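Trainee:
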Amino acid sequence: MISFTIKRLFQSVLVMLFVALLSFFLFNFVGDPISNMVGQETSHAEMDELRDRLGLNDPFIVKFGRFLGDAVQGKFGISYRLQRPVDELIVERMPATLELVFLSAVIATVLGVLGGLVTGLKPHSWFSKFILTGSLLGVSLPTFVIGILLIYIFAVTLNWLPSFGRGEVVDIGGWRTGFATVSGWKALILPAITLALYQMTLILRIIRSEMLEVLRTDFIKFARARGLKRWDINFGHALRNTLIPVITVTGLQVGSLIAFSIITETVFQWPGMGSLFIQGVQFADVPVMSAYLVLVALFFVTINLIVDLLYFVVDPRLRSDLKGGH
Amino acid sequence: MILSNLESKWAGFLDHDVTYSFLHSPTAIIAAIITVSFFILSFGAPFITSYTPFDPGSLDLMDGFIPPAWTSDGVAEHLLGTDGQGRDILAAIFYGTQVSLTVGLLSVVLSISIGIPLGIIAGYFGGITDTAIMRVADVQLTIPPILIALMIDGVARTVFTHSLHEVVAIPVLIVSIGIASWPQYARISRSGAMVERKKDYIAAAQLIQTPTYLILIRHIVPNVFGPTLIVATIGVAVAIIIEATLSFLGVGVPPTAPSLGTLIRIGNDFVFSGEWWITFFPAFTLVLLVLSVNLIGDWLRDTFNPKLR
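Each protein sequence line maps, in turn, to chains L and R.
In terms of our numbering, the first sequence opens at residue 24 and continues consecutively.
In terms of our numbering, the second sequence opens at residue 123 and continues consecutively.
1. Tell me the residue span of the alpha helix (DSSP H) that contains residue 304 (chain R).
2. Report the partner residues of residue 193 (chain L) according to the DSSP bridge assignment.
3. Since residue 342 (chain R) contacts residue 267 (chain R) with CB under 8 Å, what's their CB separation in whole angstroms?
4. For the segment 273-284 of chain L, which residues have a CB atom closer than 9 Å to at least one CB atom of chain R, in sequence order?
5. Give the residues of chain L in contact with residue 372 (chain R), contact being defined as C-beta atoms less than 7 Å apart.
6. Mind listing the chain R neighbours of residue 289 (chain L)? Cutoff is C-beta to C-beta under 7 Å, in chain order.
7. Just tell me which of R:306, R:223, R:250, R:340 has its CA closest to the CA of residue 241 (chain R).
8. Could you work out which residue in L:312, L:47, L:272 is closest to residue 285 (chain L) when comparing CA atoms only?
9. Check the C-beta distance from residue 290 (chain L) over to residue 405 (chain R) and give it rounded, since I have them as a contact under 8 Å.
10. Report yes or no: do three or more beta-carbon pairs, one from the segment 166-185 of chain L and one from the segment 384-404 of chain R, lie closer than 8 Å?
11. To the nearest angstrom, report how far apart residue 256 (chain L) and residue 150 (chain L) are at their CA atoms.
12. Please classify residue 333 (chain R): is it buried, with 16 or more other beta-carbons within 10 angstroms of its beta-carbon, or exposed?
13. Starting from the beta carbon of residue 409 (chain R), find every residue of chain L whose beta carbon is closer than 9 Å, and list them in chain order.
14. Say whether chain L places a C-beta atom closer than 9 Å to the C-beta of residue 405 (chain R).
15. Determine the chain L residues that contact residue 279 (chain R) at a beta-carbon separation under 7 Å, and present them in chain order.
16. Residues in the same chain with beta-carbon distance under 8 Å from residue 349 (chain L), minus the five sequence neighbours each way, listed in chain order, please.
17. Using only CA atoms, which one of L:187, L:188, L:204 lies nearest to residue 195 (chain L)?
18. Going by the beta-carbon positions, is the gap between residue 312 (chain R) and residue 252 (chain R) smaller than 9 Å?
19. Could you check the C-alpha separation between residue 262 (chain R) and residue 302 (chain R) for me, to the nearest Å?
20. I want to verify the contact list: residues of chain L whose CB lies under 7 Å from the CB of residue 366 (chain R), in sequence order.
21. Using a Cβ-Cβ cut-off of less than 9 Å, list which residues of the segment 386-397 of chain R approach chain L; keep chain order.
22. Nearest CA to the CA of residue 208 (chain L): which residue from L:126, L:217, L:248?
23. What residues are listed by DSSP as bridge partners for residue 204 (chain R)?
24. How many Å lie between residue 100 (chain L) and residue 272 (chain R) at the Cα?
25. With a threshold of 16 other CB atoms inside 10 Å of the CB of residue 400 (chain R), please say whether the residue is buried or exposed.
26. Along the chain, where does the alpha helix (DSSP H) containing residue 402 (chain R) start, and where does it finish?
27. Check distances from the C-beta atoms of the segment 251-263 of chain R to those of chain L and list, in chain order, the residues that come in under 7 Å.
28. Which residues mark the beginning and the end of the alpha helix (DSSP H) in which residue 394 (chain R) is found?
29. From L:321, L:301, L:31, L:329, pick the residue whose C-alpha is nearest to that of residue 279 (chain R); which is it?
30. Compare the C-beta of residue 175 (chain L) with all C-beta atoms of chain R and state if any pair is closer than 9 Å.
31. In this structure, how does DSSP classify residue 101 (chain L) when only helix, strand and coil are distinguished?
32. State the start and end residues of the unbroken alpha helix (DSSP H) segment that holds residue 297 (chain L).
33. Thinking residue 299 (chain R) and residue 369 (chain R) are a contact (beta carbons under 8 Å), I'd like their distance in whole angstroms, please.
34. List the DSSP bridge partners of residue 108 (chain L).
35. I'd like to know whether the C-beta of residue 186 (chain L) is nearer than 9 Å to at least one C-beta of chain R.
36. Under a three-way DSSP split, which group does residue 165 (chain L) fall into?
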């Protein structure tokens, strides 16, 4: 287990180095940020001075070394567009995104697992068929369409919930949270549901098909023949054996929540990292883009690592395989 | 002679399991009809509607914000109403669907043409080639395609100047979505190639010294192509969603040749002032299109590979 962990950790570091190189290469040899920043009247001398100040005139090795050293410390330079340090911007925006993603992950996992269990255990009931038809619609509804629909129904027509922003936030040791106020919660509901819906559908479908698969196997039939309680069979034996794919998918889905939060944040004008990034793309704001790329990659790598390690917790077969497998 | 040959072929087609399954699945029939209609209406748009919604000269601002024809203020000439600049929504949807379908189909073609060769090479040769290709695929699979497409699009945005970007926007989208989704096709064709490789007829072909590239093209490709195409159908739906999302975010196709996503983005600004139809109808079209393609994909998968159900 320890050697496996170290191997995985090493792989993760490799992936991160690769991403760092990619983000450095792409964003250092691509485009001229200066022309996007200044007006037409700016003279060449002024442009050169700005270039020097932002460190764009240095040789490649110096720039890459500086990039790596700074990236480890979380420093990604100064945003071309906002003229402020990127790490400051990201730290400022991170709580908004993380709170949104956290609530969505909870909604998607809880409802997805429950729905998957119900539809997997009773595949022919009308309720299961209803949920499945709904889930197909859920896969076909793009996130931003769900968002617009929810805004139109609950914000414009019914006027129950706000359609943009975070509501009132409370500053707790630098972490500006929306969980502490009523208006913060109200503002969080629509974006969280929007973000959760698609992921929930995917989790639901995976759990359902895994449950159907496991329930067909001989050991479940045998457990039934032995007269074990239905509850024990369903949860002690069947659900346990579906956990590996479920953890994989749920883990990956939490990762994609970060990516999909870009869309939700744009629809709801949510002041998080996603909207910062999309503005960065629109204005070719290289430091913001590269910082976001590295940050998201770090997030994905961490989640994958956790998922891999969780396999050992839920599946005893893997543990014995590794011990005797040499 | 030729006629009877054709007739027997037609009879064979009608007798075929797939035809039977299709004719007995109302969902598949409806989804197919809707999808085909979308193709006809969008690519035949110049012959069906007289409006040219993206020729600024033909627009009249006085025609702006007309609601759909069945509401009290609607007019019969604009069945689904007009947007702020007097564009006919229905015509805009026809042309927008054309862009969405083009980007969706071509990007999947690109994904397949990257994924199948790499997958087959990985599966047939195995060893270090396999490890190298699939490791890259695995790393890419952990990142959602939409994020990769966004990154590639963002880079292209910085490479091309603003005016040039409008011209290359659609090819850039196709390339970024195409590159973003090749790993899943590589995976399928790889597992197919690994199964075929061990069969006797391949051993026979190797024995008579058939060049490797001919074995790959003549024997392996035809065997992995079918399953890949089935997955590709759902891939088209996914690609259409990615394109619409990027366009909605304002980094996809430019407003001069809008796709359904761009139309929804334009209409989104008017949701609060009550002009719901500008965004509703393009959104509805998008969902209907994606749903139909998804349903056809589901049906294909269930018919050709019941085990995956």
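Each residue gets a CB set at the ideal place from its N, CA and C atoms; glycine is no exception.
Here the structure is a predicted model, which is why all the values come from computation and not from measurement.
Mentor: Concretely, from the data shown:
1. 304-319
2. L:200
3. About 26 Å separates the two Cβ atoms, so there is no contact after all.
4. 275, 278, 279, 281, 282, 283
5. 305
6. 371
7. R:306
8. L:312
9. Incorrect: roughly 12 Å between the Cβ atoms, too far for contact.
10. yes
11. 22 Å
12. exposed
13. 160, 163, 164, 165, 168
14. yes
15. 304, 307
16. Residue confidence is low: residue 349 (chain L) scores 40 on pLDDT, short of 50, so the model does not pin down where it sits. Its coordinate-derived value is still stated next. Excluding sequence neighbours, residue 349 (chain L) sits near nothing in its chain.
17. L:204
18. yes
19. 8 Å
20. 165
21. 386, 387, 389, 390, 393, 394, 396
22. L:126
23. R:210
24. 22 Å
25. buried
26. 399-426
27. 261
28. Counting along the chain, residue 394 (chain R) falls outside any alpha helix (DSSP H), and DSSP gives it neither H nor E.
29. L:301
30. yes
31. strand
32. 296-305
33. That belief does not hold up - the Cβ atoms of residue 299 (chain R) and residue 369 (chain R) are roughly 11 Å apart, past 8 Å.
34. L:101
35. yes
36. coil
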